[in-house]
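Chains A and B are the protein sequences, given in the same order.
Taking the UniProt record's numbering, the leading residue of the first sequence gets 1, the next gets one more, and so forth.
Taking the UniProt record's numbering, the leading residue of the second sequence gets 1, the next gets one more, and so forth.
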Amino acid sequence: MNNTIIQTDNLVKTIPQAGRELQILRGVSLRIEAGESVAITGASGSGKSTLLGLLAGLDLPTSGAAQLFGQPLAGLDEDQRAALRLGKVGFVFQSFHLLENLTALENVMLPLELDFTPHPGLPPQEGKEQSAREALRQVGLAERMGHFPNQLSGGEQQRVALARAFVTRPQVLFADEPTGNLDRATGHEISDLLFDLQEKLHTTLVLITHDETLAAQCRQHYRLEEGVLV
Amino acid sequence: MKLLFRRWRQRWRMPELRLLLLALIVSVTVVTAVGFFSSRVENAMQAQARQLLGGDLVLASSRPLDNAWLQYGKDLGLETAETISFPSMVSSGDKLQLSQLKAVSSGYPLRGELKTAAAPDAPEQLAAGQLPARGEIWAESRLFADLGVKPGAQVTLGRSVFTLTRVLTQEPDRGVNLFQLAPQVLMNLDDLPATGLLSPASRASFNQLFAGTDKAVRQLQQKLKPQLKPTERIRTLAEDLSSVDQTLQRSGRFLGLATLLSVVLAGAAVALTSTSLMRRELAAVAVLKAMGMSRRQVLLDHAFSLLLTAVLAAVIGVTLGLVLQFGLAEWLSRFVGKDLPAPGPLPALTGLLTAVILLLGFALPQLLQLVNASPMQILQGALQRPRQSVWVVVASLLLAVFGLLWLQSQDLKLAGMLFAGLLVGVAVFWSLAVAALRLTQTVGRRLQSRWMPSLGRSRRAVLLVVVFATGLFTLLLLTTVRTDLLDRWQETLPPDAPDNFLINIQPAEVGPLQAFFAAHGVKTELYPMIRGRLVEINGKPAQPDDYPEQRAQRLLEREFNLSSFAEFPGSNVLLQGKWFDGNAQGFSIEKGIGETLHFGMGDTLTFDIAGQRLTDTVTSVREVRWDSMQPNFFVIAAPGRLEQLPKTFITSIHLGEKKALVTDLIHQFPSVTVIDIGDIMAQMSSLIEQVSAAVEGIFVFTLIAGVVVLIAALQSQKAERRREIAILKSLGAGRAELRRRIWGEFLLLGALAGLLAGLLALTAGNLFGYYLFDLDMHLNLWPLLMGGVVGSALVGVAGYWNLRALLNVLPLSLLKA
């Protein structure tokens, strides 16, 4: 069985800027196997986030090829790429991006409820709630399930985000500066939790950060410089 | 499905969705309450106007009518009645009097009421379905006076003798026949043959009256129309261009106008709230899409949310509207009467349709933009509203506004005018707001005043001014329309409007009559009246058969009233050509008759007046206001042109309290016929009063809609405000300073918005009045002043109230949220 989760071949991304074409990625080739943890670091504006978007299939490259779960992304439309991610991909963002009008529990349940058309693969509603409660327990928020995001501290919000990312037991987790908005101590707590969960659930982790110590915790470490990985 | 409901419930926690629902409920409530209420009032008005016809449809002819029509009407489930009227002499002893005899069948009148009294000075009573019994007649009190008899007297009509039993005080269909010459006499139709009065050559008016459901009446009308003989005509409320009809048309326009403004306001609120709702959901959707949500699911999720909101709003709004209109009807029962007809179901449907159009046009496109929310932007930290579909949003907004205007006015021309006005208004508002803000900025810098709030050149300030100005504009326009236009319209019916018409005045009586009135302090002006038939146009015979339209044919078959005088009639408007002003030649014609018979300026007309021919050229065209209660004429000849022709005179006078003069008048001038139009006047002014009252009721709803717009506008900017206040606080601004800034900003914005709104309301009100209601232009500074004061007060208080909670919060927590 093929264990490759992500594979790219000579990815190039250019965007128009001030009337000129700006080349952000100049040929990125990369292969990430299941269960691996990969850190990508780089200066601000080096194209880290753009690369993450291409790896997750949120965007398409100008040239080059990308595969997710062995499926070439070229030729898939937005919805087909979304379907590919559904239930198999988790995200953690720098500014948490919890839904303000949802409680912690509801935020965590969200990925389980994304498909409105019921199909046999998904657990029933009670099962979903059970999974979400369990996920929140794992991140240490058993007592705060009914709280809204604005009633939680930054660290707590990111914990909810972690629970939300892991609740579907995704094959791959994309984390974009997960500790960027937190103080050092809280950042450590969150990164410890992140790696714990990743290991326990055998999730592939793609981590974007400019924090070298965080990057050092990953099995592989790439640096993005002038549009190429070094 | 359950999940979709859950999502809606979760969204319900956002103030935006609640505000959206509120805006929708307000608009549905306004539309349905106004719709229900005005449909009831309009039904009542129509019923009242139908009374003047005596039925819903009248088939009239100068020849006996085919009884088959009566049978056909009955087969359709219509009530029917028959009347035949003609002038006839009534005698008592040696006294003779010309009367207008009306023989009626049972069932008469189908609409309206017949009132009688036991004696000329006795209180009047409802006849309640009763008619003169066989061998009896009822007559107007004038006949009693003319014949010098009392109730119970025996009078002769043709070959029959009748007992004059009661005094006829009111019959419904007399109003239509304003120029009736002689006192009315009512008799039983079954008695008519025995009198021998009706011979084949008699000049009589045969009428068949029908009443019933609108559907059956329409059915009868459709069947009748193609089979009408030249002598026959159909009169319905819609076709009878009477004064009441013109009044009704205007009433409908006033009510429609009031509703339109409320709906447009509610639309603005919906647009504003859905914009902020969209802005709030953008990040959430981007995150969900990153997790694998498809565009179809985003669409399904939000479309369901909107649909549920619309249905909820429609149910609540229609219920509230129904309740409110009952309250409104109760409140206005003094004007509209206790027994308004029940409302039809149509306004409920209009309410639902309004909610759907509002959401489709104002909210859905904005939320559809969410489908294109980009998860990439979340990663890049620069979430922007998708740009490509702005034009779709604008187009759908415009389409929806037009749709709503059309739905409400059901008049393409009016909807078009209002739509254009709105567009021009928004464009004007926008440029004026930009200019005004720049001006205050410059003035503020010059004065270097601490107290001059900084409004910035920001789009936000412009948007607030435009939104507030639009809201205030609609309120002010309604006020100006309500008070200003209505006052001016009512001024066209001054309290001293004529209440009596005098006709059949012989030339020899003109001098003595003028002296009589002068002695009693009554102003009067006498106009000669000549009945003539139009026989030639430009030297060619004018034949009824040459005209396809019935109205034209009828005009040529009948004689019409001509007059001749030097002074231009005050209630008319000169459209073309010149008034005589000393010129001894020419005709001045009424616009409508020229259009119907296809003649105009420069054409030569020949009239046959009692065997003599009068030929002249059309030298001017006038517009006549038939509801002015002044004698009006289709054709006026140059002064002196009718000198040698047989004629009578006509005048209208205001008697008011001096009503008793009529008896004296009739004694001194027995051949003069006095027509009391006080009743008709009373009916007309009560109609106008009903309309004013209804518009005032609707004004309350518009006010509510305006407040919702205000809150929506403030809410849509709250997040931005929150950040701004946090920054100012962290920079060390104290509460007092912040309070001063907020008050200053909103008071100034409100005043600017109010002044702009007042300016536009003044302009628009005048244009409406001029083009739709035939009123003169008029400068009233009241809306400007009121706009400025109301604007700054309303916006100042609302703005401060909306933001005051933010003053108490710590800068850190403000920034965090």
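C-beta: ideal position from N, C-alpha, C; glycine also.
These numbers were taken from a predicted model, which means no experiment stands behind them.
* Indicate whether the contact test is met: 3 or more Cβ pairs, each with one atom in the region 581-593 of chain B and one in the region 632-640 of chain B, closer than 8 Å. => yes
* Identify whether GLY175 (chain B) lies in helix, strand or coil by the three-state DSSP scheme. => Because GLY175 (chain B) carries a pLDDT of 43, less than 50, the predicted location of this residue cannot be relied on, and the following value inherits that uncertainty. In the structure shown, GLY175 (chain B) sits in coil (DSSP, three-state: anything other than H, G, I, E or B).
* Asked: DSSP state of ASN802 (chain B), grouped into three classes?
  -> helix
* To do: Starting from the beta carbon of ALA395 (chain B), find every residue of chain A whose beta carbon is closer than 9 Å, and list them in chain order.
  => Residues of chain A passing the Cβ test: none, with the nearest at roughly 24 Å.
* Burial state of PHE746 (chain B) (16 or more Cβ within 10 Å) -> buried
* Per-residue burial, GLU106 (chain A) [other beta carbons within 10 Å of its own, 16 or more giving buried] -> buried
* Asked: How would you list, in chain order, the residues of chain A whose beta-carbon sits under 7 Å from the beta-carbon of SER294 (chain B)?
  -> ASP79, ALA82, ALA83
* Using a beta-carbon distance cut-off of less than 7 Å, what residues from the region 364-380 of chain B approach chain A? -> PRO375, MET376, ILE378, LEU379, GLN380
* Roughly how many angstroms separate the alpha carbons of residue 819 (chain B) and PRO183 (chain B), rounded to a whole number? -> In this structure chain B extends from 1 to 817, so residue 819 (chain B) is not present and cannot be described.
* **Alpha-carbon spacing of ARG18 (chain B) relative to ARG7 (chain B), whole angstroms** => In this structure, the alpha-carbon of ARG18 (chain B) lies about 14 Å from that of ARG7 (chain B).
* Nearest CA to the CA of ALA132 (chain A): which residue from A:THR50, A:PHE148, A:ARG164, A:SER153? -> A:ARG164
* Would the region 56-63 of chain A and the region 11-30 of chain B be scored as touching if the rule is three or more Cβ pairs under 8 Å? -> no
* Listed in chain order, which residues of the region 2-17 of chain B have Cβ atoms closer than 7 Å to some Cβ of chain A? -> For the region 2-17 of chain B, the beta-carbon criterion of a distance under 7 Å to any beta-carbon of chain A is satisfied by LEU3, LEU4, GLN10, ARG11, ARG13, MET14.
* To do: Closer than 7 Å, Cβ to Cβ, to anything on chain B: give me those residues from the region 140-173 of chain A, in chain order.
  => ASN150
* Given 8 Å, three or more beta-carbon pairs between the region 340-359 of chain B and the region 33-43 of chain B -> Per the Cβ contact rule, the region 340-359 of chain B is in contact with the region 33-43 of chain B (3 or more Cβ pairs under 8 Å).
* Along chain B, which residues have their Cβ under 7 Å away from the Cβ of ASP59 (chain A)? -> Under the 7 Å cutoff, chain B gives MET376.
* To do: Look at LEU597 (chain B) and LEU555 (chain B) and say whether their C-beta atoms are less than 8 Å apart.
  => yes
* Length of the line joining the Cα atoms of SER262 (chain B) and GLN208 (chain B) -> 44 Å
* Give a yes or no on whether the minimum CB-CB distance between LEU785 (chain B) and chain A is below 8 Å. => no
* Going along the chain, which residues of the region 87-102 of chain A sit with their C-beta nearer than 7 Å to a C-beta in chain B? -> GLY87, VAL89, PHE91, PHE93, HIS97, LEU99, ASN101, LEU102
* List the residues of chain B that GLU113 (chain A) touches, going by C-beta distances under 7 Å, in chain order. => LEU3
* **Where GLU106 (chain A) meets chain B, residues with beta-carbon distance less than 9 Å** => ARG6, GLN10
* **Opening and closing residue of the alpha helix (DSSP H) in which residue 818 (chain B) lies** => Summary: the structure shown does not reach residue 818 (chain B), with chain B confined to residues 1 through 817, and so no result is reported for it.
* Are the beta-carbon atoms of ALA139 (chain B) and LEU168 (chain B) separated by less than 8 Å? -> yes
* **chain B contact for LEU52 (chain A) (CB, 8 Å cutoff)** => Output row for LEU52 (chain A): interface = yes.
* To do: Have a look at VAL206 (chain A) and GLN715 (chain B) and give me their C-alpha separation to the nearest angstrom.
  => Taking the straight line joining both Cα atoms gives about 40 Å.
* So, helix, strand or coil for ARG450 (chain B), using DSSP? -> In this prediction, ARG450 (chain B) has a pLDDT of 49, which is less than 50 and means its spatial position is unreliable; nothing more can be read from the coordinates.
* Asked: Who are the neighbours of VAL287 (chain B) on chain A, taking C-beta pairs under 8 Å?
  -> PHE91, PHE93, HIS97, LEU99
* Asked: Roughly how many angstroms separate the alpha carbons of VAL176 (chain B) and SER652 (chain B), rounded to a whole number?
  -> Caution is warranted here: a pLDDT of 36 is assigned to VAL176 (chain B), below 50, making its placement in the model unreliable, and the coordinate value is therefore given only provisionally. Their Cα atoms are separated by approximately 17 Å.
* contact_flag[the region 179-187 of chain A, the region 151-159 of chain A] where n(CB pairs < 8 Å) is 3 or more -> yes
* On the premise that LEU397 (chain B) lies in contact with PHE362 (chain B), defined as a C-beta separation below 8 Å, what is that separation, rounded to the nearest angstrom? -> About 6 Å; that satisfies the 8 Å criterion.
* Cβ distance (whole Å) where LEU152 (chain A) is taken to contact ALA185 (chain A) below 8 Å -> About 17 Å separates the two Cβ atoms, so there is no contact after all.
* **8 Å Cβ shell around VAL465 (chain B) - same chain, five flanking residues per side excluded** => PHE429, ALA433, ALA436, LEU437, LEU749, LEU752, ALA753, LEU756
* For the beta strand (DSSP E) containing MET293 (chain B), list its first residue and its last residue. => The continuous stretches of beta strand (DSSP E) do not include MET293 (chain B), and DSSP gives it neither H nor E.
* Work out the CA separation of LYS289 (chain B) and PRO375 (chain B) for me, nearest whole Å. => 6 Å
* Report yes or no: is there a C-beta of chain B within less than 8 Å of the C-beta of ASP183 (chain A)? => no
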